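Peer 1: The sequence shown runs 372 to 480 under the working numbering.
Heads up, the beta-carbon is just placed ideally off N, CA and C, and yes, glycines get one too.
Remember, it's a predicted structure, so these values are computed and weren't measured experimentally.
The structure that follows is given in the form of structure tokens.
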Amino acid sequence: PILNSHNVANARKIIHKLTKKRNVDGLLLRLATNELESNNLFKDLPIQVHDPFWAFVWPGSWALHKFIQDNPQVIGGRAVLDFASGCGLAAITAKQNNAATVLANDIDP
372 PILNSHNVAN ARKIIHKLTK KRNVDGLLLR LATNELESNN LFKDLPIQVH DPFWAFVWPG
432 SWALHKFIQD NPQVIGGRAV LDFASGCGLA AITAKQNNAA TVLANDIDP
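Shown next as structure tokens:
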């Protein structure tokens with residue numbers, strides 16, 4: 372499919388309907404709803420979209436989030452790369468705990 376502004380706008384509307392803001396340990400993150408988790412609702416989009424890795428708090432991200440909260444001295448003043456960051460929870464937590472710079476990286480735009 373051809374990627375254009377109309378397709379992107381429609382995709383964003385659908386994605387917005389299938390996610391909601393959730394409080395995750397004091398942070399508001401836009402995450403998947405039960406409807407998104409249980410269906411392959413992206414098959415009807417006019418552009419190719421894979422599973423939304425950004426729409427979930429992955430166990431590894433949660434573990435890093437808790438570790439950084441409990442041990443902020445580990446990342447304080449350092450550069451942090453959150454590779455395969457998903458929703459970015461670990462990256463956000465790193466920045467909140469005085470990391471000098473933070474780069475969150477994943478395959479989703």
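Please report the distance separating the alpha-carbon of Ala380 from that of Leu474.
Peer 2: 26 Å
Peer 1: Does the beta-carbon of Asp396 have 16 or more other beta-carbons within 10 angstroms, so that it is buried, or is it exposed?
Peer 2: exposed
Peer 1: Who does Phe454 pair with in a DSSP beta bridge?
Peer 2: Asn476
Peer 1: Name the DSSP bridge partner or partners of Asn394?
Peer 2: Answer is Leu399.
Peer 1: DSSP on Leu367, reduced to helix/strand/coil?
Peer 2: This structure leaves residue 367 out entirely; the chain is present only between 372 and 480.
Peer 1: For Pro443, tell me which candidate among Ala434, Thr464, Leu400, Phe454 has the shortest Cα-Cα distance.
Peer 2: Thr464
Peer 1: Whole angstroms is fine: what's the gap from Lys392's alpha carbon to Ala470's?
Peer 2: 25 Å
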